[in-house]
Each structure stands twice: as C-alpha cells, then as structure tokens.
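Notes to accompany the following structure.
There are 2 protein chains.
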Amino acid sequence: MPAPESTANNGQPPAHLSLKRVAIDTYRENVAYLHRDCAVYRAEGFQALSKIEITNHGHRILAVLNVVDDTSLVGPGQLGLAEQAFAQFGGQDGEQVHVAHAEPPESMDAVRRKMGGERLGLEDFQSITRDIVDNRYSKTEMAAFLVASGQTGLDRDEILYLTQAMLDSGDRLDWDEPLVADKHCIGGIPGNRTSMLVVPIVAAHGMLIPKTSSRAITSPAGTADTMEMLAHVELSPDRLHEMVRKHRGCLAWGGTARLAPVDDILIAVERPLGIDSQGQMVASILSKKLAAGSTHLLIDIPVGPTAKVRQMTQALALRKLFEYVGDRLGLHLEVVITDGRQPVGRGIGPVLEVRDVMQVLENDPNAPADLRQKALHLAGRILEFDPDVRGGHGYAIARDILESGRALTKMNALIEAQGRQTAQHPPGALQFEVCAERTGVVAAIDNFQIARIARLAGAPMGKGAGVDLLKKLGDPVSAGAALYRVHAEVRADFDFAHHLSQRASGYRIEDSYDAGLPFAAES
Amino acid sequence: MPAPESTANNGQPPAHLSLKRVAIDTYRENVAYLHRDCAVYRAEGFQALSKIEITNHGHRILAVLNVVDDTSLVGPGQLGLAEQAFAQFGGQDGEQVHVAHAEPPESMDAVRRKMGGERLGLEDFQSITRDIVDNRYSKTEMAAFLVASGQTGLDRDEILYLTQAMLDSGDRLDWDEPLVADKHCIGGIPGNRTSMLVVPIVAAHGMLIPKTSSRAITSPAGTADTMEMLAHVELSPDRLHEMVRKHRGCLAWGGTARLAPVDDILIAVERPLGIDSQGQMVASILSKKLAAGSTHLLIDIPVGPTAKVRQMTQALALRKLFEYVGDRLGLHLEVVITDGRQPVGRGIGPVLEVRDVMQVLENDPNAPADLRQKALHLAGRILEFDPDVRGGHGYAIARDILESGRALTKMNALIEAQGRQTAQHPPGALQFEVCAERTGVVAAIDNFQIARIARLAGAPMGKGAGVDLLKKLGDPVSAGAALYRVHAEVRADFDFAHHLSQRASGYRIEDSYDAGLPFAAES
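Just so you know, the sequences run in chain order A and B.
Read in order, the letters of the first sequence correspond to residues 795 to 1317 in the working numbering.
Read in order, the letters of the second sequence correspond to residues 795 to 1317 in the working numbering.
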C-alpha cells in the first residue's frame, strides 16, 4: 500500500487507464489528456488544469490535465500523454497506467517562501532546478518562480546559488586544457557581430575559443544566423570537438548540447512575460559558459540611451555582480563596458552583417571602422588572458593578426571545417532609402527602432532583409541625404518597414553633436 | 494594409490556413494547434508557446501555440483551435483564417509595472481583468499577475480597485429590494455549516437572503455539497429568482451565474500555486457578493492556532480591510471574529454534516451545541441589519425562530422549492475509531489534520465518508476512549485514512485545559 504521505494521492485508489501517445508538442510542460466521460475523471473530481500523477512499474511523472471531448483523440478508457510527457514516462502505447491527484512538486515550498520575501539557499535552488528539468513544474509554477525571484530581486549570494544550480542541471563540457576562452555580449545592439572577428583572431593566436551562439529571438540577427550564411552551424558534439581541437575555435549554434538546460526552459517562459531581471541574466549567462567548459570569459556590456543598460552606474553594478559570481565559481572573468549609443557596423540582418564582417577580415579600406575597432579591442583583452602576453599588448597583437591576413585564413579554415555554404544570398532586392529631413549632424540613433525596422523588413528569416546604415553618429548630413537603406525580400515586409520608418526614422539630426569621451576606443 | 503598430505582426504577411475545431478543453486558456510541417509555422519562425493572433472578418483572438505531429489532429494546411478558443473566435470549421505573431496583451504593461513594485490604478486593474475575461492572457501571464500582486502586496486602495474591476468583469444581479443579506466565512474550519441554519432563520424572519455557495475545493465538504444531500442545488437563474421571491431565501450552488467571472479564472490558476494573498481574498469575496446583489454582508473570520487566521491582530487587520473596501463600494458590511480553535459541530463530510444541521433545526437535545450557538450568533447579527430590530435583540429573535420550529418549516420549504432529494444516504459503512492514548482533557484539535483525514476517507466525493467527532476541546477523556469515528465507503480510502490517523490523530490530550475567554459565545 502506498503511504498517504506520497505526493500523489488524496486517498483515492489509483485508477487504471490505457496509455496513448498524443502527438502534440507542449514544450517542456507535461500535459495529460482524459476524456470527459472517463470514469476516473468523474470519480476523482479532477478539474481541468489539475495536476495529476501517472505511474506504472516504477515510472512516475506529473502532468497538467486537459479534458478531451473527442474519442478519436483519447477514449474514455485511455490516458493521453503529449509527446514530452510520453517520452519522459517511457511507457508503451496501450499499457495500463494509474492516475491520481498530485500535489505540486516539493520545491514549490521554496518558491512560496521566495514569494513571501525570504532568502533561499543553494539547496532550494538545486531542488527547484531539478524539478524543472524533470518537467515537474507547470508553466504557471515556472512563472511564479520567475516573477517571485525577479521581483524582490535575488541578492548576490542567491544569484550565485541559482547559477550553481543551473550549472548542475545539465552536462558540462571538459576541453581538457588550462585556458578555454569565450566572450559574451549582454545584447541589445544591432549589427554587433564582433564574435565573427574575435574568434578567428583569438584562434589564430592559438588560444582555444570554442564559441557557440544563439539564433535571433527578438533581434534582427544572432551570430548563429549570420554565420549560417557562410557555413553550417548545427554540428554534432563529436564533430564540434574534433574541429575545435584542430582549429582552436568554432562559430557554431549552441542549441545541440544539453548545457544548463534549465536556462532554456526558463527563458521560454520568461521571454513572453517580458521579465527583465539582472540576477536571472547573470545566472543564465554564467551557467551556460561554465557548462560549455569556459575558464576565461570576457563580458561586453554596451551602455547608451537605447541600450539594455542606460547608465554607467548600472553598468558598474552589473559588472560587480558578474565578478562576484564568476570569482566564486572559478571562472576568470573580465567585464568591458562599451559604447552602446548606436548600432555597430553598417549592416543589420544576416547578409548585410556578413558583408561587414568580411570587409573587416579582408582589410577592405571601406570596412566599418567601429566594428573593426571594437572587435580588436575585445580580441586584445581576450589575448591578454594568455600569461605570455604582456598587459596592454593584446590590442597590437590582435591588429597584427588581422592586418597580416591570418585572421581571414583562420576564418576560411573554420568555414571549411564546419562546411561551407556555397549558395550566394544577395541583399533583398526591394529597397528604399530613408533621408534626412534637415541639414545638420546625426545626434542620435535609436537601437530599438532600427532593430524593429530591420525585423519588419524580414530579418532574420529573410536572410537578405535588413537595414544598411549610411550615416552614423556625428556624421554631417544635408537635407534629403540618405541616412539608411532598407532591404526586403517580400512586398508586404517592404510595406510594413516603410510604414514604420515613416512614422519614426530612428535618427535625430541636430545642429551639432558632442561625442564626449565616455568610452576608450582602444584600451 | 494593417498598420504596423497593430499588436499582431512583426511585419510578416498574414498567412492563410483552414480553421479546425479541436475537442480539447484547455480551461480559459486559448490554445492553437499548428502542424510542425505547416509552411506558416516554419516561415514565420513561430516557436512552441509563442503567442499568435488569429483573425478573420473582424473576428480576432490571441492563443498560445502548441505544435502537432499528427495529421489526424491538424494537417499542415490547418489551424486547430481548442474548444474555448474556437467558441470565442466564432468561426466555422474549414473557413480561411490568418495567423500572425502576437504581442502580449496591452495590460501586461501594468503587470510588469506591478512586478517592478509600482502602484496600479483602477484603470490598470480594469484593463487587466478585461483582458483576462477575454481570454487574452496565457496561464503564465495570469500567474505573473497573481504572484506580482500577491507578493509586494496590494495596498488597500489597490484592493479596492481590484474588487471594482472584478465586479465590472461580469454580470450583476439586482433583486430590486433595499435589503439583500448574505454571509460569508473565510473558511478553513471543518464542519462549519452555519449557512444551512442561518438562511432558514433569516428567511423565516422575512429578510431576503439568496445564498449561493461553492462546492468543496480542498475541504471535506462545501455548503453546496452538504445541501445537495437534501435538495437540488444547481438551479437555473430563472428558477432561483422565482423561489427567492416566494421563500425569501435559497441554498444553491453559485456556479451557474456569470458573477465576477475573472475571480473563477484567477482562482483556477492561483489554487495550484498555493498563493495566499489577503488582498486577493478580500477582492474575490466582495466582488462575488456585490455581483450577487448583496447590500448587507456578514463576514465570519475564525481565529485559532490551526485556522487560516492564527492571531487576533491579523484578524483585526483583515477586518479593517474588508470594512475599507466594503464601505467604498456601498456594501453594508459587518465582520465577526469567531472561535476557530476546533471544528464546528461533530460531523465532517456531507452526510454527517446534514445530520448535525437537522438535529439543530429539529431542536434535538443531542444537537451539537457549538454549531447551534454559532448559527444563532451569526443569524442574530444579520437580523440586526433590519432597521426594525433593536440592537442586541437579534440573537433572541433568531433563537425564537429556531425554537418555535419556524426555521425547520422554512428549511423544508426551501428544500421543496429546490427539489427534494429523496434518496437516503447513510454514513459510510467502513468505520474505525481513533482513541485517546492517555487519560486527561482534550487540549487541542488540529483543523488541518482532521480535514485531511476526512478527505482521505473519501469526502466529499464519498458522500457518507468523513469524520465524526466524539470529543471536543475541554472534554475529559480516559485512556482508550474513542475521540472520533472515521467513516469510509471504499476499502482503499479506509486504509489511507487509517494510516494517516495512526501517524497523527489531530488530537492533543493534556492534564488540564484552560479555555480562556477570547470569544463571546453570544453577542
């Protein structure tokens, strides 16, 4: 007889049903389907959204209940499980299973304590992340955790514990080398494709830099989207390891490995809610990097009026937080605060960004100077992780590697190793230009608005879609001069982007512009 | 061309699909199903759990996306909608619909401000409740709202606004009389079936008291469950109105009317999360009562070490909150703080509670004195809402009505009007007694533990299941004397309840018991 203290009963005898796989992808939420006329459903007093426990032969999962009125989906004697739940349960179609009321997962006690304003410990965070990875949380329970820990804010030790717990939730790569470098930008600046320059420079120096990146979620392009114009980015773990050993680097998509998986789950719930918590961001970034085997990490925090971080004081507080957690988890971590007042480079969107990156690698005199400068700055700081590089010499070494063509050679080697994309993809053929309404100087460029226009134009799904900036901050312009060009591949996208750019161009022209000197161009 | 500022696009042209009804009950969350091979799904870069907007001929809904791998559910050219979403959309099977990315509902801005600790205004709460009732919120968005407003706590004006907004979210009954009385207990005390005594007493006096009650959610019985042993409780609005006009009262289930519907939706999300917010409780109770047309309301707050409210100071703070909101919404509201140190009456579970209630109505000398006393106390306070009743005379009038048999006559009239249940239902035949381990005095009874044992024994689904208390606080007991009897209808329930009661009986026996005098037995 099961003990009454089991999470799974309110005393009802377990009920027997025949298991059926239901081919619905409910994304990390276990969902079970019972027919409304199912005797068990009626007798147990279940309700839609009840949490139920399904058991058989030692298999045991929790699921949220949906009620079905169509016997072709599930019949009155069946229990349907959505794909994730079916896979996790590990049973066979048609086998007998038991269902019973379930209590919330045990770690929800900790979530409730957090809602009440309490401080949680490492074990609390570990039990929460374990239950989430085991699909024991419903989406609403995850939302409760995210809101509760985002709102009162986690203190820095709680962020440390959360990072550790997220790291423990999945696999951890071991490159078996003393120095594994990586970089990460907290995001928000369109066109900021420095990784595609930093990785070939650093790898050409001989330092290991196995860089994995994400695809765009809300931006016009992620590094994985842009790199994909040149080479395959979805590599098997084996192939990735092999090429990194041989070439000292890669520019791959990070979605294939099971690194800090709880992070991916939480992000999927967090993003639609628009929760923006520094603590969760720090834990998310550092747990992923540690899981990927990084030993040395450079974090880029762009600051500007339309960047994620708007004030230097905020940037400094965020830097301390990264340092506090990184130090305690054995990560050699450096933070650079960079100029986030405008997009980096000219092109925004996969094809246009590839053009900028290749111009820099090819030492084209027309290459965008700010992208080149920023990439050398970041690469130089990473090269100084090398004990043999004297402090302050990194930038010059990076520049030598770029100017000598060794960075381009390395980039071509990485492209070949990942598998070159031979198809040429031109910028979108539908184009329009947005022009200055007055004569003056470019005094402000709105990162958000430019990104929105590029997205409306079709980026990143439309590879050739996006925005090509013709003027940057401080450039003098005459009335009627083109500020930027928008490329689209589809008429409707063209119309949407055109409409939006007419409402607000994202540019401000004034009589003069004082650049100030808040950021060092070279370190 | 739709304007780009619509919530529904990121510039993608709207895609056309054939509508299909999917017979899944997703309970107040709109869910849409797309096949994984659907061209639209792939081209638009949708993700599972994305929010999408479905439009056609002016119809327009938001839904959360589930991805399907089985063409018998939905084909690649179809868009499936779960039952709620299909009904709300109002379209036809097979008609062409457009789908596009959707932004979160506008009022999520207010939720995010609440997450950030800001104070919300009436319009914020109204836009939130409107979006929720229109099924524009996903479950995670609802959870975010609940956690954010439960955690920082709402101030009393915000609770007032929330109450008003919940009230505005649905219909409002109008009894067209100057005095419509009601009572409500905040819950947590097993066996507390005073409504079944208060309503016949008050209605026999001639005061209008159209009482609707809930079924048990987490307790061993709700008033609707217990009343259902005697009469039908699910009445159509017309029939309810007719009987209330004729008999001045009713004891019906409240689930048929559309009163403060947002409350039901939020409770469905809130309950599994175990969120316990006083602000939400006050808003929930008062919006429901105002929507039901009450003008005069008596609130019962039981206090005791195992009640919902444990300290008198908490009870007083809660009383002020009820008064503040009630006064501003034009409700004549009185709060009584009652003894919540133990269950009320003897029986716990539908059949056993009916026995207690009928004993009181029939003036049986064995009737449980505490149930009788409490019911007279509450009924007396309600009778004093009558301007013709002199302050302090209510209790005596209530007692006269009970002792004269007029309360029983009224109860029988209500039962006949609702439709008498003729089937007799005996207490569960499987029984065991839990006995005192030592000689002494009953010094504590744990409301939670007794309720859990009654639920494990099968209540309320098992009508005859439950607990029958043989000893109450202050009763002297000899070692081996029976403290309570447990009834079950099913063997497994019997075993579960037996196991739990052996682990912890819920009773504490000591040498002496000082009752103290924290609560007036008669007012």
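Cβ coordinates follow ideal geometry from the N, Cα and C atoms, glycine included.
* At least one CB of chain A closer than 8 Å to the CB of Met902/B: is that the case? -> yes
* Kindly give me the distance between the Cβ atoms of Ala817/B and Glu877/B, rounded to whole angstroms, as I take these residues to be in contact under 8 Å. => 6 Å
* Asked: Looking at C-beta atoms only, is the number of pairs between the segment 1226-1245 of chain B and the segment 948-966 of chain B that lie closer than 8 Å three or more?
  -> no
* Beta carbon proximity, Lys814/B to chain A, threshold 8 Å -> no
* The beta strand (DSSP E) with Glu1156/B in it runs from where to where? -> Careful: Glu1156/B lies outside any beta strand (DSSP E) and carries neither H nor E.
* **Same chain, Cβ closer than 7 Å to Ala1062/B, five either side skipped, listed in chain order** => Tyr821 and Arg822
* Where Glu897/A falls: helix, strand or coil (DSSP) -> coil
* From Val861/B to Arg1039/A, what distance separates their C-alpha atoms? -> 38 Å
* **Range of the contiguous alpha helix (DSSP H) that encloses Thr957/B** => Arg950 to Asp962
* Asked: Leu1267/B and Ala1207/B: beta carbons closer than 8 Å?
  -> no
* Asked: Does the beta carbon of Gly1111/A come closer than 8 Å to any beta carbon on chain B?
  -> The sequence given here has Ala at residue 1111/A, not Gly. No, no contact with chain B.
* Member of Pro1270/B, Ala1238/B, Asp1289/B and Leu991/B whose CA lies at the smallest distance from the CA of Ala1259/B -> Asp1289/B
* Within the 8 Å Cβ cut-off, does Ile922/A reach chain B? -> no
* **Glu935/A: contacting residues in chain B (beta-carbon distance under 9 Å)** => Ala937, Pro1066 and Leu1067
* Asked: Any Cβ of chain A within less than 8 Å of the Cβ of Glu877/B?
  -> yes
* Is the Cβ of Asp863/A closer than 8 Å to any Cβ of chain B? -> yes
* Asked: Going along the chain, which residues of its own chain have a beta-carbon closer than 8 Å to the beta-carbon of Tyr1307/B, five neighbours each way excluded?
  -> Val1235, Val1236, Ala1237, Leu1267 and Gly1268
* **Given 8 Å, three or more beta-carbon pairs between the segment 1127-1143 of chain A and the segment 984-996 of chain A** => yes
* Asked: Under three-state DSSP, which class holds Gln1136/B?
  -> coil
* **Candidates Asp903/B, Cys832/B and Asp1305/B, of which the one nearest Ala938/B by Cα** => Asp903/B
* Asked: Quick one: is Arg906/A near chain B, going by C-beta distance under 8 Å?
  -> yes
* Can you tell me the Cβ-Cβ gap for Thr1132/B and Lys1168/B, rounded? I've got them flagged as a contact below 8 Å. => 6 Å
* Could one say the Cβ of Val1271/A lies closer than 8 Å to chain B's Cβ atoms, at least one of them? -> no
* Report the rounded CA-to-CA distance for Glu912/B versus Arg906/B, giving the unit in angstroms. => 9 Å
* Asked: Where do the N-terminal and C-terminal ends of the beta strand (DSSP E) with Val1235/B fall, by residue?
  -> Gly1234 to Ile1239
* Starting from the beta carbon of Val941/A, find every residue of chain B whose beta carbon is closer than 8 Å, and list them in chain order. => Met909, Ala937, Ala938, Val941, Ala942 and Gln945
* To do: Let me know if Lys845/A comes out buried or exposed under the rule of 16 or more other beta-carbons within 10 Å of its beta-carbon.
  => buried
* **Three-state class that DSSP yields for Arg830/A in the structure shown** => coil
* What are the boundary residues of the alpha helix (DSSP H) that includes Asp1287/B? -> Arg1285 to Arg1297
* Please state if the CB of Arg1285/A and the CB of Leu1224/A are separated by a distance shorter than 8 Å. => yes
* Asked: Once you ignore the five residues that flank Pro1144/B on each side, which residues in its own chain have a CB closer than 6 Å to its CB?
  -> Ala1015, Asp1019, Thr1020, Met1023, Pro1254 and Lys1257
* For the candidate residues Ala1077/B, Pro1004/B and Leu1034/B, whose alpha-carbon lies nearest to that of Val1056/B? -> Ala1077/B
* Going by DSSP, name the residue or residues bridged to Thr849/B. => Arg854/B and His892/B
* Listed from N- to C-terminal order along the chain, which residues in the segment 867-898 of chain B have their beta-carbon within a distance smaller than 9 Å of any beta-carbon of chain A? -> Leu867, Ala876, Glu877 and Pro898
* **Cut-off 7 Å between Cβ atoms - residues of its own chain near Ala1010/B, not counting five sequence neighbours on either side** => Gly1016, Asp1019 and Pro1254
* Based on the DSSP secondary-structure assignment, which residues constitute the bridge partners of Lys977/B? -> Leu1092/B
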